[in-house]
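Numbering (our numbering), first residue to last: 964 to 1147.
The C-beta atom is built at its ideal place from N, Cα and C for all residues, glycine as well.
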């Protein structure tokens, strides 16, 4: 999606649908005003960083923004930038490796953590700790964690962690767990 503030949407990352009716539009206006301070602070920090490395404080911005998503997933907005074009999903796999799901007959849960570092506890570690077959998941379930990094701890026998083609994993998945805004 296009990660830019809009006068017609709630703040980016809020997880809220656009407000409906007077109360909904008021909610969005208030939230946009609150988040605008952070946006402006980020703009000032970026300008200072640009000057710090010898670039002009202001930037022209891109001539074209390619938005790699399905058009139906992009929420309509009244202030769509003229340079932004939805090009559809990218059919790119970062690897040719296939992550082999543990053998079994139970459902397959694919966990696709973000590649972004947030400072919060990792989705992969939490999934391996909590999504235990026979407790939280049905007996015989298998978990495949598709991530760039090696596992940070022991991997139980009902799970696999590593880099693998997501098209292959998703073709056999019964459930996908990923971060909101994830490209999966």
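query                                                                                                                            : result
Secondary structure, beta strand (DSSP E): runs of 3+ residues fully inside the stretch 1043-1077                                : 1047-1049 and 1071-1075
Check whether residue 1047 and residue 1030 have beta carbons under 8 Å apart                                                    : yes
Closest residue to residue 996 among 1100, 1088 and 970 (Cα-Cα distance)                                                         : 970
Whole-Å CB distance - residue 1102 paired with residue 1069, under 8 Å assumed                                                   : 7 Å
Span separating the alpha-carbon of residue 1110 from that of residue 1058                                                       : 11 Å
Range covered by the beta strand (DSSP E) that runs through residue 1108                                                         : 1105-1109
Residue environment, residue 1087, which counts as buried when at least 16 other CB atoms sit within 10 Å                        : buried
Span separating the alpha-carbon of residue 976 from that of residue 1008                                                        : 20 Å
Range of the contiguous alpha helix (DSSP H) that encloses residue 1133                                                          : 1129-1134
Exposure of residue 1122, with buried meaning 16 or more beta-carbon neighbours within 10 Å                                      : buried
Cut-off 7 Å between Cβ atoms - residues of its own chain near residue 1093, not counting five sequence neighbours on either side : 1099
DSSP-derived helix/strand/coil call for residue 1034                                                                             : helix
Expected contact under 8 Å - CB spacing of residue 981 and residue 973 to nearest Å                                              : 6 Å
Beta-carbon proximity of residue 1074 to residue 1049, cut-off 8 Å                                                               : no
Check whether residue 1105 and residue 1067 have beta carbons under 8 Å apart                                                    : yes
Proximity below 8 Å, CB of residue 965 to CB of residue 1037                                                                     : yes
Residue 979 in three-state terms, based on DSSP                                                                                  : coil
Cutoff 8 Å: residue 1097 Cβ touching any chain B Cβ                                                                              : No chain B appears in this structure, which consists of one protein chain only.
Whole-angstrom distance between residue 1040 and residue 1142, CA atom to CA atom                                                : 23 Å
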